[in-house]
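Residue numbers (the numbering used here): 32 to 328.
Beta carbons: idealized from backbone N, C-alpha and C, even for Gly.
First up is the structure itself, then whatever we jot down about it.
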C-alpha cells in the first residue's frame, strides 16, 4: 500500500515529506495507457502533487502543477489535495524517446525546456487561487519543483522524485521526497541536509529494496519526528452532475449553440477517460435553467 509521511527533522529546522506512490502511479499509467517515458513524467508529477498537496493547511485546498516545456509530450498536468489524492494527464501518452546520456528515460527531453511550470494553489473556498509561474529549468520535474520553490516562494527546497518502469510497462517503483529549510535553519543545518542527501543515489532503488516512506527519510536524517501521514491514491471524482454544472456555467447563449450545432454533448474526462453523453433533452433543461439564472429567477 502506498504511504506518505510528514515529518520534522534536525531540531525542527527542517520539514520533510516522503511518499511511496507505486500503486498510485501504476493506476494512472493503466488509466492513460502511457508509454514508458510518459509514465515516468506523469508519475513524477503526480508524486510531487501528492507531496505538495499534503502540505495544505485546509482540507479543501488543492495544488495543481502544469508543465508546458514545448517537448513532444505536450502538457504534463497533475492535481493533489490534502489527503494526497491525485489525478493528472499528459497530452501525448504514447510519446517515445531514446534513453538519455545516462541510460535513463528521457523525461527532460519529453517535457522540454522552452516553457513554464505553473503552480496553482486553490483553497476551494474564496474562488481566488494563488498562481505562481517559473520557467522550466530542466524538464526533469524534480529540478523544476526545486526552482519553483526557490524563485516563487523563496523556500530552499530539495526534492527527489523517481519512477521505475518495468519491461511490461507496469510501474515497478515510484515515490519521492521534498525537504524544506525553515527560516531558523543555519549553516550547520544546511550542511547536515547536504550530507544526508548524498546518501540517496536513487529513490526507486530504495523502494525496490523494500524501504518505505519513513525509511527513505531515515536514510537522509538520523532522527525524524513524524507529524502526520496520508495514503496516496489516484482519484478522479468526475461525475455527470459535475459536467452538467460546467455546461450550466457556460451561459444560455453557449448552451443554445451546442444544441444547434450538435444536438447532444459528448464529453470525455481528461483524468480518467470516462465518456459522458448529455442528451439534447437534458441540454434543453440546462438551457432553461441558465436563462432563469441570468434573469434572476
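Item                                                                                                              : Value
Residue 167, buried or exposed, once every other Cβ within 10 Å from all chains shown has been counted against 16 : buried
Rounded separation between residue 177 and residue 291 - CA only                                                  : 49 Å
Cβ-based neighbour list, residue 235, same chain, cut-off 8 Å, excluding 5 preceding and 5 following              : 193, 194, 195, 203, 204, 205 and 206
Per DSSP, the bridge partner or partners of residue 51                                                            : 34 and 206
Burial state of residue 150, where buried means 16 or more other Cβ atoms lie within 10 Å                         : buried
Per-residue burial, residue 129 [other beta carbons within 10 Å of its own, 16 or more giving buried]             : exposed
Ranges of the beta strand (DSSP E) found wholly within the stretch 51-84, counting only runs of at least 3        : none
Opening and closing residue of the alpha helix (DSSP H) in which residue 312 lies                                 : 311-325
Residue 200 to residue 52 span [Cα, whole Å]                                                                      : 16 Å
Where the alpha helix (DSSP H) containing residue 285 begins and where it ends                                    : 283-292
Run of the beta strand (DSSP E) containing residue 177, from where it starts to where it stops                    : Here residue 177 belongs to no beta strand (DSSP E); instead the alpha helix (DSSP H) covers 173-183.
Residues bridged to residue 306 [DSSP beta-bridge criterion]                                                      : 299
Buried versus exposed call for residue 82 [16 or more other C-beta atoms within 10 Å across all chains shown]     : buried
Residue environment, residue 97, which counts as buried when at least 16 other CB atoms sit within 10 Å           : buried
Three-way DSSP call (helix, strand, coil) for residue 132 in this model                                           : coil
Secondary structure of residue 252, DSSP reduced to three states                                                  : coil
The stretch 112-123 contacting the stretch 254-267, beta-carbon criterion three pairs below 8 Å                   : yes
With 16 other Cβ atoms within 10 Å as the buried cut-off, status of residue 161                                   : exposed
Stretch pair the stretch 99-107 + the stretch 242-261: three plus CB contacts closer than 8 Å                     : no
Beta carbon of residue 50 nearer than 9 Å to that of residue 73                                                   : no
Same chain, Cβ closer than 6 Å to residue 93, five either side skipped, listed in chain order                     : 110, 112 and 153
Exposure label - residue 242; buried when at least 16 CB within 10 Å                                              : buried
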